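K.L.:
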Amino acid sequence: MGIITNEGLYAIALSCHKLKYLNISHRTDICELSICNIIHSYPKLQQLDLRFYKITNIMIEEIASSCLNLKYLNLEGCYNISKEAVDKLNPNIHVENFVKILTPPDLIGVVRNYLSVLSQMRQRHRGERILAPEWLYSTN
Numbered sequence: 009m010g011i012i013t014n015e016g017l018y019a020i021a022l023s024c025h026k027l028k029y030l031n032i033s034h035r036t037d038i039c040e041l042s043i044c045n046i047i048h049s050y051p052k053l054q055q056l057d058l059r060f061y062k063i064t065n066i067m068i069e070e071i072a073s074s075c076l077n078l079k080y081l082n083l084e085g086c087y088n089i090s091k092e093a094v095d096k097l098n099p100n101i102h103v104e105n106f107v108k109i110l111t112p113p114d115l116i117g118v119v120r121n122y123l124s125v126l127s128q129m130r131q132r133h134r135g136e137r138i139l140a141p142e143w144l145y146s147t148n
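Terminal number for the sequence shown in the numbering used here: 148, no gaps in between.
1. Hey, quick one: how far does the alpha helix (DSSP H) through E69 stretch, first residue to last?
2. Is Q55 helix, strand or coil by DSSP?
3. What residue range does the beta strand (DSSP E) around L30 cover?
4. Near H48, which residues of its chain fall below 6 Å by C-beta distance, leaving aside the five closest residues on each side in sequence?
5. L227: which of V103, R130, E15 and Y80 sits nearest, CA to CA?
6. From the DSSP secondary-structure annotation, give me the bridge partner or partners of L81.
7. What three-state label does DSSP hand N153 in the structure shown?
8. Around the Cβ of R132, are there at least 16 other Cβ atoms within 10 angstroms (buried) or fewer (exposed)?
9. Going by alpha carbons, who is nearest to A93 out of E104, T36, K52 and E70?
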């Protein structure tokens, strides 16, 4: 994999005016400002691959307002964005691999429900081991 830096992306923004495809997947060292500069510089951008990039809702909003010709967006492994932000994108954009994650209150509810069901099962089965992680049975 070649090394892409913030400066390299800036150079691309200045020189490749007809850029239609950009893959910056797995690039955790590139700042969000550099990505926003690219997005604003390329109105013809059609495909953007951001797999495992630390994208935020703000950046999704920038994509929604700036990338009017975007047809494909890969968000695999992008866990800092909400479904509400993704819903603001043009519906004609094929958004691939976006997984709605649980927000902290949702996650707490899921864990509580799981523990409640597990507790009920343990009571019914008089302490027999139920399929659950080992740490759940630890008394330490």
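Note that beta-carbon positions come from the ideal geometry of N, C-alpha and C, so glycine has one too.
Owing to the predicted nature of the structure, the values given are computational and were not obtained by experimental measurement.
P.N.:
Looking at the coordinates:
1. N65 to S74 is the span of the alpha helix (DSSP H), which, as asked, contains E69.
2. strand
3. Y29 to N31
4. S74
5. Since the displayed the chain opens at 9 and closes at 148, residue 227 lies outside it and no answer follows.
6. L56 and V103
7. The chain is shown only over 9 to 148; residue 153 falls outside these bounds and no answer can be derived.
8. exposed
9. E70
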